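Engineer:
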Amino acid sequence: MNHQLSLHNPSLQVLDRVRHPKTRAERAHMQFQQRAADAQDPVRQQGWFRSMQQVMQEIDEMTLCVPAAVPIRFLDLGCCPGGFTSYILDKNPRASGVGISLPVEQGGHACLLDPAVLTSSAADPRHPPRFELIWADLTKYQLGPHYIGPIPDPSLRPLPPQLAQPHASDDRAAAAQYDLVTIDGHPLRSGDRPGLEYLVGDRLLVSQLLVGLASAALGGTVVLKLSKPERLVSAQLMYLLDVLCARVWTWKPVCMHATRATFYVVGKGFGLKGRWMLPRIVQELRRLWVELSYAGSGRHGRRLVATDLDFIIDESTIQTVYAARWRELSEHIWETQRLALEGWRQATRQGF
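Residue 216 in the UniProt record's numbering is what sits at position 216 of the sequence shown, and the numbering runs on without skipping anything.
What follows is the structure in C-alpha coordinates.
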(Lines of atoms letter the chains of each structure in order from A and count residues from 1; the text may use other names and numbers.)
(Lines give C-alpha, C1' and ligand atoms only; values in the text may rest on other atoms or scores of the structure.)
Protein backbone atom coordinates (compact mmCIF):
# COMPACT_ATOMS: atom_id res chain seq x y z
CA MET A 1 0.00 0.00 0.00
CA ASN A 2 1.64 3.17 -1.23
CA HIS A 3 -1.03 5.68 -0.19
CA GLN A 4 0.68 8.90 0.87
CA LEU A 5 -0.46 11.61 3.23
CA SER A 6 -1.73 14.80 1.62
CA LEU A 7 0.54 17.50 2.95
CA HIS A 8 2.53 20.54 1.99
CA ASN A 9 5.90 20.19 3.67
CA PRO A 10 8.83 22.18 2.23
CA SER A 11 11.44 19.51 3.06
CA LEU A 12 9.38 16.79 1.42
CA GLN A 13 8.62 18.92 -1.63
CA VAL A 14 12.33 19.53 -2.20
CA LEU A 15 13.08 15.82 -1.76
CA ASP A 16 10.34 14.87 -4.24
CA ARG A 17 12.06 16.99 -6.88
CA VAL A 18 15.38 15.17 -6.52
CA ARG A 19 14.61 11.60 -5.55
CA HIS A 20 12.88 10.24 -8.64
CA PRO A 21 15.41 8.77 -11.11
CA LYS A 22 15.82 11.14 -14.04
CA THR A 23 18.18 9.18 -16.30
CA ARG A 24 18.61 5.62 -17.49
CA ALA A 25 21.79 5.37 -15.39
CA GLU A 26 19.93 6.35 -12.22
CA ARG A 27 17.17 3.81 -12.87
CA ALA A 28 19.81 1.15 -13.48
CA HIS A 29 21.51 2.06 -10.20
CA MET A 30 18.26 1.67 -8.26
CA GLN A 31 17.57 -1.68 -9.92
CA PHE A 32 21.09 -2.81 -9.03
CA GLN A 33 20.50 -1.92 -5.36
CA GLN A 34 17.32 -4.00 -5.36
CA ARG A 35 19.04 -6.97 -7.01
CA ALA A 36 21.88 -6.75 -4.49
CA ALA A 37 19.37 -6.90 -1.62
CA ASP A 38 17.84 -10.09 -3.05
CA ALA A 39 21.00 -11.68 -4.48
CA GLN A 40 22.21 -15.12 -3.44
CA ASP A 41 25.65 -14.54 -4.98
CA PRO A 42 28.26 -15.25 -2.22
CA VAL A 43 30.30 -12.10 -2.88
CA ARG A 44 27.26 -9.83 -2.79
CA GLN A 45 25.96 -11.55 0.32
CA GLN A 46 29.26 -10.92 2.11
CA GLY A 47 28.92 -7.26 1.20
CA TRP A 48 25.31 -7.24 2.41
CA PHE A 49 26.38 -8.89 5.68
CA ARG A 50 29.03 -6.24 6.37
CA SER A 51 26.67 -3.43 5.39
CA MET A 52 24.01 -4.66 7.82
CA GLN A 53 26.60 -4.81 10.60
CA GLN A 54 27.33 -1.15 9.92
CA VAL A 55 23.62 -0.30 9.84
CA MET A 56 23.09 -1.85 13.27
CA GLN A 57 26.17 -0.06 14.59
CA GLU A 58 24.81 3.29 13.37
CA ILE A 59 21.42 2.64 14.95
CA ASP A 60 23.05 1.59 18.20
CA GLU A 61 25.37 4.60 18.33
CA MET A 62 22.34 6.84 17.93
CA THR A 63 19.95 5.07 20.34
CA LEU A 64 22.13 2.86 22.60
CA CYS A 65 19.75 -0.02 21.91
CA VAL A 66 22.35 -2.80 22.40
CA PRO A 67 23.72 -3.02 25.96
CA ALA A 68 27.43 -3.80 26.16
CA ALA A 69 27.52 -6.12 29.17
CA VAL A 70 24.17 -7.01 30.76
CA PRO A 71 22.61 -10.32 29.62
CA ILE A 72 19.94 -9.85 26.94
CA ARG A 73 17.80 -12.07 24.75
CA PHE A 74 17.06 -10.78 21.26
CA LEU A 75 14.86 -11.77 18.32
CA ASP A 76 16.03 -10.98 14.78
CA LEU A 77 13.24 -11.25 12.19
CA GLY A 78 14.56 -11.53 8.64
CA CYS A 79 18.02 -12.08 10.06
CA CYS A 80 20.12 -13.65 7.29
CA PRO A 81 22.80 -13.20 6.19
CA GLY A 82 23.16 -12.15 9.82
CA GLY A 83 24.63 -8.66 10.03
CA PHE A 84 22.39 -7.41 12.86
CA THR A 85 22.89 -10.57 14.90
CA SER A 86 26.65 -10.54 14.34
CA TYR A 87 26.91 -6.96 15.61
CA ILE A 88 24.82 -7.70 18.73
CA LEU A 89 26.76 -10.86 19.62
CA ASP A 90 30.11 -9.15 19.04
CA LYS A 91 29.26 -6.12 21.15
CA ASN A 92 27.68 -8.01 24.04
CA PRO A 93 29.37 -11.30 25.05
CA ARG A 94 26.38 -12.07 27.29
CA ALA A 95 23.75 -11.67 24.57
CA SER A 96 21.91 -14.63 23.09
CA GLY A 97 19.12 -14.77 20.58
CA VAL A 98 16.83 -16.37 18.04
CA GLY A 99 16.52 -15.49 14.37
CA ILE A 100 13.99 -16.33 11.67
CA SER A 101 14.96 -16.24 8.00
CA LEU A 102 13.50 -17.42 4.71
CA PRO A 103 15.08 -20.74 3.63
CA VAL A 104 17.75 -20.47 0.95
CA GLU A 105 15.87 -22.87 -1.33
CA GLN A 106 12.94 -20.41 -1.28
CA GLY A 107 15.18 -17.51 -2.28
CA GLY A 108 16.42 -16.40 1.14
CA HIS A 109 19.94 -15.38 2.07
CA ALA A 110 22.54 -17.85 3.33
CA CYS A 111 23.62 -17.59 6.96
CA LEU A 112 27.10 -16.04 7.22
CA LEU A 113 27.36 -16.08 11.00
CA ASP A 114 30.32 -17.71 12.71
CA PRO A 115 29.26 -21.39 13.10
CA ALA A 116 30.49 -21.29 16.70
CA VAL A 117 27.49 -19.19 17.78
CA LEU A 118 24.84 -21.39 16.15
CA THR A 119 22.72 -24.06 17.77
CA SER A 120 23.97 -27.59 17.19
CA SER A 121 22.81 -30.96 18.46
CA ALA A 122 26.41 -31.64 19.45
CA ALA A 123 26.74 -28.43 21.46
CA ASP A 124 28.31 -28.78 24.87
CA PRO A 125 25.48 -28.24 27.41
CA ARG A 126 27.96 -26.51 29.71
CA HIS A 127 28.45 -23.88 26.99
CA PRO A 128 25.03 -23.37 25.42
CA PRO A 129 24.97 -21.87 21.92
CA ARG A 130 24.40 -18.15 21.74
CA PHE A 131 22.11 -18.09 18.73
CA GLU A 132 19.39 -20.31 17.30
CA LEU A 133 18.41 -19.89 13.66
CA ILE A 134 14.95 -20.96 12.50
CA TRP A 135 14.54 -21.36 8.74
CA ALA A 136 10.93 -20.40 7.96
CA ASP A 137 8.66 -18.20 5.88
CA LEU A 138 7.16 -15.79 8.42
CA THR A 139 4.00 -15.45 6.35
CA LYS A 140 3.35 -19.20 6.68
CA TYR A 141 2.74 -19.39 10.42
CA GLN A 142 -0.74 -19.73 11.92
CA LEU A 143 -1.27 -16.06 12.80
CA GLY A 144 -5.05 -15.75 12.57
CA PRO A 145 -7.31 -14.85 15.52
CA HIS A 146 -7.41 -17.51 18.22
CA TYR A 147 -11.22 -17.55 18.27
CA ILE A 148 -11.45 -18.97 14.72
CA GLY A 149 -9.00 -21.79 15.44
CA PRO A 150 -6.27 -23.07 13.11
CA ILE A 151 -6.79 -22.12 9.47
CA PRO A 152 -7.19 -25.25 7.28
CA ASP A 153 -4.26 -24.46 5.00
CA PRO A 154 -1.66 -27.25 4.70
CA SER A 155 1.08 -24.71 3.94
CA LEU A 156 0.73 -23.13 7.40
CA ARG A 157 2.61 -24.30 10.47
CA PRO A 158 2.21 -23.56 14.19
CA LEU A 159 4.48 -20.98 15.73
CA PRO A 160 7.65 -22.60 17.14
CA PRO A 161 8.01 -22.74 20.94
CA GLN A 162 10.57 -19.92 20.81
CA LEU A 163 7.69 -17.69 19.70
CA ALA A 164 4.78 -19.47 21.35
CA GLN A 165 1.79 -17.18 21.77
CA PRO A 166 -0.79 -18.48 24.25
CA HIS A 167 -4.57 -18.20 24.22
CA ALA A 168 -4.28 -15.52 26.88
CA SER A 169 -6.32 -12.42 27.54
CA ASP A 170 -3.45 -10.07 26.75
CA ASP A 171 -1.98 -12.34 24.01
CA ARG A 172 1.45 -12.04 25.64
CA ALA A 173 1.18 -13.46 29.18
CA ALA A 174 3.25 -16.61 28.62
CA ALA A 175 4.86 -15.82 25.28
CA ALA A 176 8.58 -15.94 24.70
CA GLN A 177 9.89 -12.50 25.68
CA TYR A 178 12.89 -10.72 24.18
CA ASP A 179 14.70 -7.61 25.40
CA LEU A 180 15.44 -6.52 21.82
CA VAL A 181 13.37 -7.27 18.70
CA THR A 182 14.56 -6.26 15.21
CA ILE A 183 12.01 -6.29 12.37
CA ASP A 184 13.91 -6.00 9.11
CA GLY A 185 12.64 -8.60 6.63
CA HIS A 186 11.84 -7.58 3.05
CA PRO A 187 9.97 -9.41 0.26
CA LEU A 188 11.88 -10.84 -2.67
CA ARG A 189 11.52 -8.94 -5.93
CA SER A 190 12.19 -12.01 -8.07
CA GLY A 191 8.71 -13.57 -8.24
CA ASP A 192 7.10 -14.68 -11.50
CA ARG A 193 3.78 -12.89 -10.95
CA PRO A 194 3.84 -9.13 -11.66
CA GLY A 195 3.29 -7.23 -8.42
CA LEU A 196 3.65 -10.35 -6.29
CA GLU A 197 6.33 -8.71 -4.15
CA TYR A 198 3.83 -6.03 -3.08
CA LEU A 199 1.22 -8.59 -2.09
CA VAL A 200 3.80 -10.62 -0.17
CA GLY A 201 5.37 -7.46 1.25
CA ASP A 202 2.13 -6.33 2.90
CA ARG A 203 1.55 -9.81 4.34
CA LEU A 204 5.16 -10.00 5.54
CA LEU A 205 4.91 -6.62 7.27
CA VAL A 206 1.81 -7.65 9.23
CA SER A 207 3.30 -11.09 10.01
CA GLN A 208 6.47 -9.50 11.39
CA LEU A 209 4.47 -7.02 13.45
CA LEU A 210 2.39 -9.81 14.99
CA VAL A 211 5.42 -11.90 15.93
CA GLY A 212 7.54 -8.93 17.00
CA LEU A 213 4.97 -7.13 19.16
CA ALA A 214 3.91 -10.34 20.90
CA SER A 215 7.53 -11.32 21.58
CA ALA A 216 8.90 -8.01 22.89
CA ALA A 217 9.43 -7.91 26.65
CA LEU A 218 7.84 -5.21 28.78
CA GLY A 219 10.40 -2.41 28.84
CA GLY A 220 12.28 -3.88 25.88
CA THR A 221 13.36 -2.31 22.58
CA VAL A 222 11.82 -2.68 19.11
CA VAL A 223 13.72 -1.74 15.92
CA LEU A 224 11.41 -1.52 12.89
CA LYS A 225 12.37 -0.81 9.27
CA LEU A 226 9.90 1.28 7.28
CA SER A 227 9.85 3.16 3.98
CA LYS A 228 8.96 6.84 3.41
CA PRO A 229 7.60 8.57 6.52
CA GLU A 230 4.95 10.20 4.31
CA ARG A 231 3.41 6.83 3.43
CA LEU A 232 0.23 6.39 5.46
CA VAL A 233 1.19 2.92 6.71
CA SER A 234 4.63 4.18 7.82
CA ALA A 235 3.11 7.13 9.69
CA GLN A 236 0.60 4.82 11.38
CA LEU A 237 3.34 2.46 12.57
CA MET A 238 5.52 5.36 13.73
CA TYR A 239 2.54 6.46 15.82
CA LEU A 240 2.03 2.93 17.14
CA LEU A 241 5.55 2.70 18.55
CA ASP A 242 5.31 6.28 19.77
CA VAL A 243 2.27 5.48 21.93
CA LEU A 244 3.55 2.08 23.13
CA CYS A 245 7.16 2.99 23.97
CA ALA A 246 8.64 5.33 26.56
CA ARG A 247 11.01 6.88 24.00
CA VAL A 248 11.14 6.76 20.20
CA TRP A 249 13.73 7.78 17.59
CA THR A 250 13.85 7.61 13.81
CA TRP A 251 17.13 7.10 12.00
CA LYS A 252 18.34 6.70 8.42
CA PRO A 253 21.73 4.90 8.44
CA VAL A 254 23.93 6.77 5.99
CA CYS A 255 26.24 3.81 5.40
CA MET A 256 23.57 2.02 3.37
CA HIS A 257 20.15 3.68 3.34
CA ALA A 258 21.09 7.33 2.66
CA THR A 259 19.83 7.45 -0.94
CA ARG A 260 16.98 5.01 -0.35
CA ALA A 261 13.49 5.62 0.99
CA THR A 262 14.00 3.21 3.91
CA PHE A 263 14.62 4.24 7.53
CA TYR A 264 14.29 2.79 11.03
CA VAL A 265 12.05 3.52 14.00
CA VAL A 266 13.48 2.56 17.38
CA GLY A 267 11.21 2.32 20.42
CA LYS A 268 12.69 1.81 23.90
CA GLY A 269 10.63 1.00 26.97
CA PHE A 270 8.11 -1.06 24.99
CA GLY A 271 4.74 -1.35 26.74
CA LEU A 272 5.55 1.25 29.39
CA LYS A 273 3.05 3.53 27.66
CA GLY A 274 -0.28 2.55 26.13
CA ARG A 275 -0.06 -1.07 27.22
CA TRP A 276 -3.85 -1.25 27.38
CA MET A 277 -3.95 -0.78 23.59
CA LEU A 278 -1.86 -3.84 22.79
CA PRO A 279 -4.46 -6.65 23.03
CA ARG A 280 -6.82 -4.83 20.67
CA ILE A 281 -3.99 -3.95 18.27
CA VAL A 282 -2.84 -7.58 18.12
CA GLN A 283 -6.38 -8.88 17.58
CA GLU A 284 -6.95 -6.42 14.73
CA LEU A 285 -3.61 -7.35 13.15
CA ARG A 286 -4.58 -11.03 13.33
CA ARG A 287 -7.88 -10.31 11.59
CA LEU A 288 -6.07 -8.24 8.96
CA TRP A 289 -3.52 -11.02 8.41
CA VAL A 290 -6.36 -13.37 7.41
CA GLU A 291 -7.71 -10.80 4.95
CA LEU A 292 -4.30 -10.20 3.37
CA SER A 293 -3.69 -13.94 3.09
CA TYR A 294 -7.05 -15.30 1.93
CA ALA A 295 -9.41 -12.56 0.70
CA GLY A 296 -10.90 -12.71 -2.78
CA SER A 297 -12.67 -15.33 -4.84
CA GLY A 298 -9.44 -17.23 -5.43
CA ARG A 299 -8.39 -16.89 -1.78
CA HIS A 300 -5.04 -15.48 -2.88
CA GLY A 301 -5.28 -12.54 -0.49
CA ARG A 302 -5.13 -8.83 -1.17
CA ARG A 303 -2.96 -5.78 -0.63
CA LEU A 304 -3.27 -3.28 2.21
CA VAL A 305 -5.73 -0.47 1.57
CA ALA A 306 -5.78 3.02 3.06
CA THR A 307 -8.23 2.24 5.87
CA ASP A 308 -6.76 -1.10 7.02
CA LEU A 309 -4.73 0.35 9.90
CA ASP A 310 -7.28 2.93 11.03
CA PHE A 311 -7.64 0.92 14.24
CA ILE A 312 -4.19 2.34 15.12
CA ILE A 313 -4.79 5.91 13.93
CA ASP A 314 -6.60 7.29 10.89
CA GLU A 315 -5.24 9.65 8.25
CA SER A 316 -7.18 12.68 9.47
CA THR A 317 -5.87 12.33 13.03
CA ILE A 318 -2.29 11.99 11.81
CA GLN A 319 -2.60 15.23 9.85
CA THR A 320 -4.10 17.13 12.79
CA VAL A 321 -3.49 15.81 16.30
CA TYR A 322 -0.26 13.92 15.49
CA ALA A 323 1.08 16.24 12.77
CA ALA A 324 3.71 18.12 14.79
CA ARG A 325 5.23 14.97 16.30
CA TRP A 326 5.17 13.15 12.96
CA ARG A 327 7.06 16.03 11.31
CA GLU A 328 9.58 16.00 14.16
CA LEU A 329 10.29 12.32 13.49
CA SER A 330 10.32 12.73 9.69
CA GLU A 331 12.13 15.97 8.78
CA HIS A 332 15.69 14.69 9.27
CA ILE A 333 14.89 11.52 7.30
CA TRP A 334 13.87 13.58 4.26
CA GLU A 335 16.83 15.94 4.65
CA THR A 336 19.35 13.09 4.88
CA GLN A 337 17.99 11.45 1.74
CA ARG A 338 17.93 14.75 -0.16
CA LEU A 339 21.55 15.56 0.67
CA ALA A 340 22.66 12.03 -0.18
CA LEU A 341 20.88 12.04 -3.55
CA GLU A 342 22.24 15.46 -4.47
CA GLY A 343 25.75 14.34 -3.53
CA TRP A 344 25.41 11.10 -5.47
CA ARG A 345 24.17 12.93 -8.58
CA GLN A 346 27.00 15.44 -8.39
CA ALA A 347 29.57 12.65 -8.04
CA THR A 348 27.99 10.82 -10.98
CA ARG A 349 28.20 13.90 -13.17
CA GLN A 350 31.88 14.20 -12.27
CA GLY A 351 32.53 10.62 -13.31
CA PHE A 352 32.82 8.95 -9.90
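Beta carbons are placed, not taken as given, at the ideal position from N, Cα and C, and that holds for glycine. Keep in mind it's a predicted model, so treat the numbers as computed, not measured.
1) Tell whether a beta-carbon distance below 7 angstroms holds between G220 and V248.
2) Can you tell me the Cα-Cα spacing of E197 and Q346, whole angstroms?
3) Would the region 264-280 and the region 207-227 be scored as touching if the rule is three or more Cβ pairs under 8 angstroms?
4) Check whether the Cβ atoms of A110 and Q13 sit closer than 7 angstroms, and answer yes or no.
5) Between the C-alpha atoms of P166 and P160, what's the straight-line distance to the nearest angstrom?
6) Take H8 as the anchor and find which of L341, T336, E331 and E342 has the nearest alpha-carbon.
7) Just to confirm the assignment: which complete alpha helix (DSSP H) runs, minimum length 4, are found wholly within the region 49-131?
8) Using the Cα positions of M1 and V233, report the straight-line distance between them to the nearest angstrom.
9) By Cβ distance below 6 angstroms, which residues in the same chain neighbour W289 in space, the five residues on each side in sequence not counted?
10) Do P128 and V94 come within 7 angstroms of each other at the CB atom, strictly closer than that value?
11) Please return the same chain residues whose Cβ sits closer than 8 angstroms to the Cβ of R280, not counting the five positions on each side in sequence.
12) When the Cβ atoms of the region 200-218 are set against those of the region 288-307, are three or more pairs found closer than 8 angstroms?
13) By DSSP's criteria, G267 is part of a beta bridge. Which residues make up the other side?
14) To the nearest angstrom, how far is it from the Cα of L5 to the Cα of R260?
15) Mark D16 as exposed unless 16 or more other C-beta atoms lie within 10 angstroms of its C-beta, in which case mark it buried.
16) Specify the secondary structure class of L5 as computed by DSSP and reduced to three states.
17) DSSP on Y178, reduced to helix/strand/coil?
18) By the 10 Å Cβ neighbour count, where 16 or more other Cβ atoms means buried, how is E61 classified, buried or exposed?
19) With burial defined as no fewer than 16 other Cβ atoms inside 10 Å of the residue's Cβ, what is the status of A217: buried or exposed?
20) How about V181 and S155: do their beta carbons lie closer than 7 angstroms?
21) Is the distance from the Cβ of I183 to the Cβ of Q236 below 7 angstroms?
22) Nearest by alpha-carbon distance to S323: which of G47, D308, R338 and D242 is it?
23) Confirm, please, whether the CB-CB distance from I88 to I134 is below 7 angstroms.
24) Using the C-alpha atoms, what's the distance from I333 back to H20?
25) Name the DSSP beta bridge partners of S234, please?
26) Cutting at 7 angstroms between CB atoms, please list the residues of its own chain near T336, excluding the five before and the five after it.
27) Starting from the C-beta of H3, find all residues in its chain whose C-beta is less than 6 angstroms away, skip the five residues before and the five after it, and write them out in chain order.
Structural biologist: The structure says:
1) Position 220 of the sequence shown, counting from 1, holds the residue named residue 220. Position 248 of the sequence shown, counting from 1, holds the residue named residue 248. Result no, Cβ atoms of G220 and V248 do not sit closer than 7 angstroms.
2) For the purposes of this step, residue 197 is taken as residue 197 along the sequence shown, with counting starting at 1. For the purposes of this step, residue 346 is taken as residue 346 along the sequence shown, with counting starting at 1. Distance between the alpha carbons of E197 and Q346 is about 32 angstroms.
3) yes
4) The residue given as residue 110 occupies position 110 in the sequence shown. The residue given as residue 13 occupies position 13 in the sequence shown. Their beta carbons are not under 7 angstroms apart, which means A110 does not touch Q13 by this criterion.
5) Translated into the one-based positions of the sequence shown, residue 166 becomes position 166. Translated into the one-based positions of the sequence shown, residue 160 becomes position 160. Per-residue confidence for P166 stands at a pLDDT of 44, beneath the threshold of 50, marking its modelled position as unreliable; no derived number is given.
6) The residue you call residue 8 lines up with position 8 of the sequence shown. It is E331 whose Cα lies nearest to the Cα of H8.
7) 83-91
8) For the purposes of this step, residue 1 is taken as the residue at position 1 of the sequence shown. For the purposes of this step, residue 233 is taken as the residue at position 233 of the sequence shown. Taking the straight line joining both Cα atoms gives about 7 angstroms.
9) Against the sequence shown, residue 289 aligns to sequence position 289. Contacts found: L143 and V206.
10) Position 94 of the sequence shown, counting from 1, holds the residue named residue 94. Position 128 of the sequence shown, counting from 1, holds the residue named residue 128. Val is not the amino acid found at residue 94; the sequence shown has Arg there. No.
11) For the purposes of this step, residue 280 is identified with residue 280 of the sequence shown, where counting begins at 1. Cβ neighbours of R280 beyond the five flanking positions: F311.
12) yes
13) Position 267 of the sequence shown, counted from the first residue, corresponds to residue 267. Its beta-bridge partners are V222 and V248.
14) Working through the sequence shown from its first residue, we reach residue 5 at position 5. Working through the sequence shown from its first residue, we reach residue 260 at position 260. Going from the Cα of L5 to the Cα of R260 covers about 19 angstroms.
15) Mapped onto the sequence shown, residue 16 falls at position 16. By the 10 Å Cβ count, D16 comes out exposed.
16) Along the sequence shown, one-based indexing puts residue 5 at 5. In the structure shown, L5 sits in coil (DSSP, three-state: anything other than H, G, I, E or B).
17) The count along the sequence shown starts at 1 and reaches residue 178 at position 178. Looking at Y178 - three-state DSSP - the assignment turns out to be strand.
18) For this step, residue 61 is matched to residue 61 along the sequence shown. With fewer than 16 Cβ atoms within 10 Å of its Cβ, E61 is classed as exposed.
19) Within the sequence shown, numbered from 1, the residue matching residue 217 stands at position 217. Flag for A217 reads buried.
20) For the purposes of this step, residue 181 is identified with residue 181 of the sequence shown, where counting begins at 1. For the purposes of this step, residue 155 is identified with residue 155 of the sequence shown, where counting begins at 1. No, the pair does not count as a contact, with Cβ atoms beyond the cut-off.
21) Start at 1 with the first residue of the sequence shown, and residue 183 comes out as number 183. Start at 1 with the first residue of the sequence shown, and residue 236 comes out as number 236. The answer is no: Cβ separation not under 7 angstroms.
22) Counted from its first residue, the sequence shown places residue 323 at position 323. According to the sequence displayed, residue 323 carries Ala and not Ser. Taking only the C-alpha atoms, the option nearest A323 is D242.
23) Here residue 134 corresponds to residue number 134 of the sequence shown, with the count starting at 1. Here residue 88 corresponds to residue number 88 of the sequence shown, with the count starting at 1. No, Cβ-Cβ distance for I134 and I88 is not below 7 angstroms.
24) The residue given as residue 20 occupies position 20 in the sequence shown. The residue given as residue 333 occupies position 333 in the sequence shown. The alpha-carbon atoms of H20 and I333 are separated by roughly 16 angstroms.
25) Mapped onto the sequence shown, residue 234 falls at position 234. Bridge partners of S234: none, in fact.
26) On the sequence shown, residue 336 is found 336 positions in, with the first residue counted as 1. If we look at T336 and ignore the five residues flanking it on each side, its Cβ neighbours are K252, V254 and A258.
27) If you number the sequence shown from 1, residue 3 lands on position 3. The residues are L232 and A306.
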